[in-house]
Amino acid sequence: MTHHRVSPFNRSNTRKMRKSMTEAELKLLKEIRAHRLMGLAFRRQMPIAGCIVDFACPNKKLVVELDGSQHAQVAVSEWDARTARLEALGWTILRFWNDDVIRDIDNVCQHIVNSAGMANVPEPATEELVP
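Numbering (my numbering), first residue to last: -3 to 127.
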């Protein structure tokens, strides 16, 4: 993964954001922390190319953004530019509304697993006992 210099402002802002997570961010973090979601390693509030993303899985170049009501007011062109910048670097962006995370975390996690290409990972082989 290419390293991008993080401005002191973004570094400070990232630290603040990690300390004041939303209910939805905390709920998703509980599901993905410590490689609990199919072994995927996520980082929270990660700076990438001048943006601070909610969650990122660097190994899969997958970004998960959680949007609350405050994001509905952000200009669409601003989000499109941010998404285009990240996609140009090879990142896949997933967006979920906070309410969806809170109400249906299992579906959100399944969508993340599918997008990471982990959906069809075979289960470990088990021996069948023959009578």
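Ideal placement from N, C-alpha and C gives every residue a C-beta, glycine not left out.
- In this structure, Ala112 lies away from Leu25, with their beta-carbon atoms at least 8 Å apart.
- For Leu85 and Arg78, the gap between their C-alpha atoms comes out near 11 Å.
- Taking 8 Å as the cut-off, the beta carbon of Ile98 is found closer than this to the beta carbon of Ala20.
- Looking at the DSSP output, Trp93 sits in a beta bridge with Asp63.
- The DSSP-derived three-state label of Leu25 is helix.
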